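Here's the structure we're looking at; comments come further down.
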Amino acid sequence: MQDSKHVRAITFCVLSIIAMLIGILVVCFTSPKPPEKTCSLILKPLIQRSNQTDSHPHSIVVALFNDDNLLDIAVANAGSDNINILLAYGDGTFASQFSYSTGSDSNPHSLIAGDFNNDHRMDIAVANVGTHNIGVFLGLGNGVFTGQTTFSTGPSRPWAITVGDFNNDNKLDIAIANYGTNNIGVILGYGNGNFSSPTTFSTGYDSLPLSIAVGDFDNDNKLDIAVVNNVTNNVGIFLGHGNGSFEDQMIFTTGIKSQPYSIALADLNNDTHLDIIVVNFNIHNIGIFLGHGDGSFEKQTSYSTGNNSYPISVAISDFNNDNKLDIVVASSQTKNIGLFFGYGNGAFATQVNYLMLTSFNLHSIVVNNFNNDNVLDIVIASYDTNDVNVFLGSFNSTFSDQVQYSTGDYSQPSSVVIDDFNNDDKLDIAVANTNGSNLGIFIGYGDGKFSTQMTYPTGSNSNPRSITVGDFNGDGQLDIAIVNERDRNIGVFLQYRNGTFMPQETYLDTSYYVPFSIISCDFDNDDRLDIAVAYRYINEITVLFGHGDGNFSHGMIFTMYSQYQPFSITVGDFNNDDRFDIAVANELYWYNNNVGVFLNYGNRTFSDQISNPTEFGSYPRAVTVGDFNNDGKLDIAVANFQKPTIGIFIGNGDGNFSSPVIYAIAGEASPISLTACDFNNDSKLDIVVANSGLSNVAVFLGKSNGTFSSPQYYSTGNNSRPYSVATGDLNNDNRLDIVVANSGSNNIGIFLGLEVITFTRKATYSTGLSMHPEYVAVYDLNNDTQLDIVVANSNQDNVGVLLGYTNETFSIETTYSTDFRSHPISLAVGDFNNDNRQDISIANANSDSVGFLFGYGNGTFKKQVVYLTGNGSNPRSIATGDFNNDSRLDIVVAYTGINSVGVLLRYDDIAFESPVIYSTGLGSEPGSLTICDFNNDGRLDIAVANFGTHTIGIFLGYKDGIFFNQDTHPLEDFSSPVFVAGHDFNHDGQIDIIVANKNRGNIGVMFGYANAAFRSLPTYPTGNSSKPNYVAVGDFDNDSRLDVAIACTGSDNVIILLGLGDGTFSNQTNYSTGNGSYPNWITTGDFNNDSRLDIVVANYAANNIGVLLGYANGTFSSPTPYFTGDESHPYSVVVGDFNNDSRVDIAVANYGTNNVGLFGGLW
1256 MQDSKHVRAI TFCVLSIIAM LIGILVVCFT SPKPPEKTCS LILKPLIQRS NQTDSHPHSI
1316 VVALFNDDNL LDIAVANAGS DNINILLAYG DGTFASQFSY STGSDSNPHS LIAGDFNNDH
1376 RMDIAVANVG THNIGVFLGL GNGVFTGQTT FSTGPSRPWA ITVGDFNNDN KLDIAIANYG
1436 TNNIGVILGY GNGNFSSPTT FSTGYDSLPL SIAVGDFDND NKLDIAVVNN VTNNVGIFLG
1496 HGNGSFEDQM IFTTGIKSQP YSIALADLNN DTHLDIIVVN FNIHNIGIFL GHGDGSFEKQ
1556 TSYSTGNNSY PISVAISDFN NDNKLDIVVA SSQTKNIGLF FGYGNGAFAT QVNYLMLTSF
1616 NLHSIVVNNF NNDNVLDIVI ASYDTNDVNV FLGSFNSTFS DQVQYSTGDY SQPSSVVIDD
1676 FNNDDKLDIA VANTNGSNLG IFIGYGDGKF STQMTYPTGS NSNPRSITVG DFNGDGQLDI
1736 AIVNERDRNI GVFLQYRNGT FMPQETYLDT SYYVPFSIIS CDFDNDDRLD IAVAYRYINE
1796 ITVLFGHGDG NFSHGMIFTM YSQYQPFSIT VGDFNNDDRF DIAVANELYW YNNNVGVFLN
1856 YGNRTFSDQI SNPTEFGSYP RAVTVGDFNN DGKLDIAVAN FQKPTIGIFI GNGDGNFSSP
1916 VIYAIAGEAS PISLTACDFN NDSKLDIVVA NSGLSNVAVF LGKSNGTFSS PQYYSTGNNS
1976 RPYSVATGDL NNDNRLDIVV ANSGSNNIGI FLGLEVITFT RKATYSTGLS MHPEYVAVYD
2036 LNNDTQLDIV VANSNQDNVG VLLGYTNETF SIETTYSTDF RSHPISLAVG DFNNDNRQDI
2096 SIANANSDSV GFLFGYGNGT FKKQVVYLTG NGSNPRSIAT GDFNNDSRLD IVVAYTGINS
2156 VGVLLRYDDI AFESPVIYST GLGSEPGSLT ICDFNNDGRL DIAVANFGTH TIGIFLGYKD
2216 GIFFNQDTHP LEDFSSPVFV AGHDFNHDGQ IDIIVANKNR GNIGVMFGYA NAAFRSLPTY
2276 PTGNSSKPNY VAVGDFDNDS RLDVAIACTG SDNVIILLGL GDGTFSNQTN YSTGNGSYPN
2336 WITTGDFNND SRLDIVVANY AANNIGVLLG YANGTFSSPT PYFTGDESHP YSVVVGDFNN
2396 DSRVDIAVAN YGTNNVGLFG GLW
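Counting in my numbering, the sequence shown runs from 1256 upward without gaps.
Okay, here's the thing in structure tokens:
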């Protein structure tokens, strides 16, 4: 009866697996944030670690496994019956995993880390559901673990595991949720890695406990246990006695048919009492139980995770650095994570979803800082795709959705400023309401919120247009000046001492002047604020000099003529003479558009206008200043209403400016206001623009060199028509916020600045459309000590050169034609004309030629020089060597079409002799070449793999670059050799030959003798239909004997043959590269700087490269795949240190996507 109910329960929940307990992972940072502020996340995968096929990773734990103070990862793989260890490098990347078996059919579901034998090294315990035991792996402190020791739990099906000292003996114990026997089990630790038999405590009939956590719920300094009971829909609490025993279970309901699956603990409301968080799988929410500190809890408060989300795992941490805990959830039936930002009082904001992966069934989630940058990162186990994904966080800037405050019906606000008007260290807002004919004041509360508007009349139908702020009467209180367009005057509001203002006093009352824009500063350096006003329709700028008592003298006025209808005014010291100058945006018809500058002479007079033209027909409407290129000289930015664009005038420091650099704004934006500030705290000025036509604001992030990124847009609401923009820190979080005056919707809008987490990925470098790169090589082509990349682009008949920079990036590819339909298929690099500059030789398969690109020494090359190889010769591969000992490089080419090899000797520093042809035999189809001195006579010889006749051909060097005819060495019938290389495998001082026989599925070795004779040895099978395609040679077990690695395209694996030093090899070890991966190319390098050779393989069909890390004992990690792009079809791979950081990098030729991909070494 009980078993049948188990079956029904499992069928009902439609999952055979669930998530383990995620421990309490809380990382607290310092910068406090407001109670309702949330953080926006943009998550992109940085790196993916694939487990074995159908490994089905089920649970993750994070700990320090090798004493390097870097957080490592352990994964329980339910499908492959093992755990994997990923050791961290401290930059957010991890070594390929070490695997440890948990036993056949063990089905490990949950794991936990702890020091079980008191040796100060982290150990691992795993719950093996299939074999009904707990497996313990003792850590050696170097990331390596002993084999598993098991402790039986009886027929319990242990599903989840956690640790704690339950009997206060300073030795870690283990607690288990037993799914099969409806109880929890406690096994007490002896402190030496061994444990007692389990003591069980019932969770109730048919409860099916699935997740477990440990904490002190009643503040008695004795550990208690919490468990989620999936079928009885509750949380069970076991209060501990401190001696390893517990009270009977107390239950707290999670709701009818809720099926809770995972649990986590933390103090969510800062009352020093532990609270509980559960994920309720079947009702698609999380539940919060706030603790009372006595072992009891409030009723559950729930937050939706979305329809049909089926949440399965939960973690807790502070994502937005506001010292308030947030909750992150992984759901099994979505491709995203959900983040609930906490308010610090036990309440949470509505879930924000972030797309994480392209697959469903995210199964376990943990949070921590893996790259030591004080920004939280995320690790997710994806059950369906059999991998672990690491997402590295970094902060950037964005803004919240707009919050609006009404300025009154039909008020039409047109200008906004931000300042602290009531001296409470909280920023307030002042706005000029044009149609409302009043000044509006919003008092700030310091948290991004504001009072309702207080208004001060500016006169009936006065139409106030522009506003400025300053202490005009020297009383330490900020006052306000405003231009009243229709009343044709200036209004000054002096402040009382509480943020309220006296009635307006007016200046410059005229019957015909129309003031339009206003600014205040001390123009005459008398420590009294003055006011400057732009009169649009009479083309004048007027300065009113202040008395310092709130009055402005009609007798102390200076007027300048702008000539071009000034629309906006600002100030700055443009010529570095410590005097404030004036800049105006002038728009007079479509042909007179400029920024006018008036230099201050310091005696209450100014220069004539210096005009700086904007774009033709631009209609500049707003102007602001800042040092955009960090040269200590003020620059000017202007908003061009009609184009729509912004223009940047870089200042020379003498009052003159460069021509503007233009940045486009999308659509019919009609930009009308802008200001400069630093939004992302990178000490580089940014610009925000109010776009009245599109009802949005655009943010241009500065790069500190006078240039800007493309704009980011934030809506201000339909038909809001923002007319003015200002910035300030409205919520005291050290991040600038934005305020706009929305003239169309009669309100002000507030955008709070947020920190956004972004993630990076390595870039690829395009080689052009349909290039089909087939061969890639690296060399320093321009003598700058940086490795460059050369690519043979077979489909576009050219060779591409990418010059390396010091920051691991490359120039845009420069291509050099190899002539129409030449189909370059192979290349070699060398100094062919003895000018100490690197040149390139190319085998052009279709044009029956060998081409040379002679280098200038700076990374550029002359036009190709061509040497014809004969009609139908079809040169397939190319190699270089000095065949006649004249200190000049010569060339040998394999001609598939005419069954021969051709030798091109260089006879001077410019030209090569015509090729001398040596037959390889009828139907031989020579392909792969190698050059060695096989008979130790000081002359280079040639070996070629003859695919068609299943032979190896040897051409011994005679003298003066002449070769004997081919000495043919037959292989097995139908062997079809595709690769040949020469090495001394038996340490006799003679070069031996290794051959990859593709159609026979084996590797052959030919022993060399002093007379250049060879003896074939037994072959080494690589498997039926394995199709070995490429071979790499190296010492993989540090025994000073050469070993072999083989890429097998047919069987999708890499095979290792360890050399015995006598030319023979041990039995092979196979490493799968993934079903259907088609590994095409292989090479070696020490990728993690551990003095052990590693392997990289190009998996053509799987669109990735696989890296196998060597352990120096002849074994390797399973391949870690690195994605090269959809349909990229990586064809060949080469390694080198491209950025001089003493780390080996990888370059790959992607045949399908026509680019070269670069993977930078991170170790």
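We put the beta carbon where it would ideally sit given N, CA and C, even for glycine. Keep in mind the model is a prediction, meaning the values are calculated, not measured.
- For residue 2143, the CB contacts under 7 Å within the same chain, skipping 5 residues up- and downstream, are 2089, 2137, 2161 in chain order.
- Assigned with DSSP and collapsed to three states, residue 1632 falls in strand.
- Around the Cβ of residue 1375, a 10 Å sphere holds fewer than 16 other Cβ atoms; the residue is exposed.
- By the criterion of a C-beta distance shorter than 7 Å, residue 1853 is surrounded in its chain by 1796, 1815, 1836, 1837, 1861, 1862, 1864, once the five residues flanking it on both sides are discounted.
- Residue pairing by DSSP places residue 1890 opposite 1881 in a beta bridge.
- Leaving aside the five residues that flank residue 1897 on each side, the residues in its chain whose CB is nearer than 7 Å to its CB run, in chain order, 1872, 1873, 1874.
- In the three-state reduction of the DSSP assignment, residue 1400 falls in the strand class, which pools E and B.
- Counting along the chain, residue 1682 sits inside no beta strand (DSSP E), nor does DSSP assign it H or E at all.
- In summary, residue 1905 is buried, with 16 or more beta-carbon neighbours lying within 10 Å of its beta-carbon over all protein chains present.
- In the three-state reduction of the DSSP assignment, residue 2275 falls in the strand class, which pools E and B.
- In the structure shown, residue 2374 falls within a coil segment according to DSSP collapsed to helix, strand and coil.
- In this structure, residue 1430 keeps its C-beta atom at 8 Å or more from the C-beta atom of residue 1389.
- Residue 2133 holds the alpha-carbon nearest to the alpha-carbon of residue 2104 among 2133, 2094, 2117.
- Going by C-alpha positions, residue 2208 is about 11 Å away from residue 2202.
- When DSSP states are grouped into helix, strand and coil, residue 1335 belongs to the coil group.
- Following the DSSP letters along the chain, one finds residue 2002 inside the beta strand (DSSP E) bounded by residues 2002-2006.
- Residues 2280, 2281, 2282 of the same chain have their beta carbon placed closer than 7 Å to that of residue 2305, with the five preceding and five following residues left out of the count.
- At a Cβ-Cβ threshold of 8 Å, residue 2332 and residue 2356 count as neighbours.
- In the three-state reduction of the DSSP assignment, residue 1458 falls in the coil class.
- Counting C-beta pairs with one atom in each stretch, the segment 1748-1758 and the segment 1772-1781 have fewer than three that are closer than 8 Å, which means they do not touch.
- For residue 1354, same chain residues with a beta-carbon under 6 Å away, outside a window of 5 residues either side, are 1337, 1339 in chain order.
- For residue 1928, the enclosing beta strand (DSSP E) covers residues 1926-1932.
- Close CB contacts of residue 2323 within its chain, under the 6 Å cut and outside five residues either way in sequence, are with 2310, 2312 (chain order).
- When DSSP states are grouped into helix, strand and coil, residue 1992 belongs to the strand group.
- Beta-bridge analysis with DSSP links residue 1736 to 1723, 1747.
- Annotated three-state conformation of residue 1384 is coil, per DSSP.
- In this structure, the straight-line span from the alpha carbon of residue 1960 to that of residue 1869 is close to 21 Å.
- Runs of the beta strand (DSSP E) lying entirely within the segment 1441-1520 and spanning at least 3 residues, in chain order: 1454-1457, 1464-1470, 1479-1484, 1489-1493, 1505-1508.
- Judged by DSSP secondary structure, residue 2261 falls within the beta strand (DSSP E) whose first and last residues are 2257-2263.
- Using a 10 angstroms sphere on the CB of residue 2123, the tally of other CB atoms stays under 16, which defines it as exposed.
- Membership of residue 1575 in any beta strand (DSSP E) is not indicated, and neither H nor E is assigned to it by DSSP.
- Here residue 2127 is exposed. Its C-beta has fewer than 16 other C-beta atoms within 10 Å.
- The shortest CA-to-CA distance from residue 2289 to any of 1449, 1688, 1833, 2315 is the one to 2315.
- Between the segment 1476-1484 and the segment 1393-1410, the count of Cβ pairs shorter than 8 Å is below three; the stretches do not touch.
- In the DSSP assignment, residue 2201 falls within the beta strand (DSSP E) that extends over 2196-2201.
- Counting only runs of 3+ residues, the beta strand (DSSP E) found wholly inside the segment 2322-2397 occupies 2324-2327, 2334-2340, 2349-2354, 2359-2363, 2375-2378, 2385-2391, in chain order.
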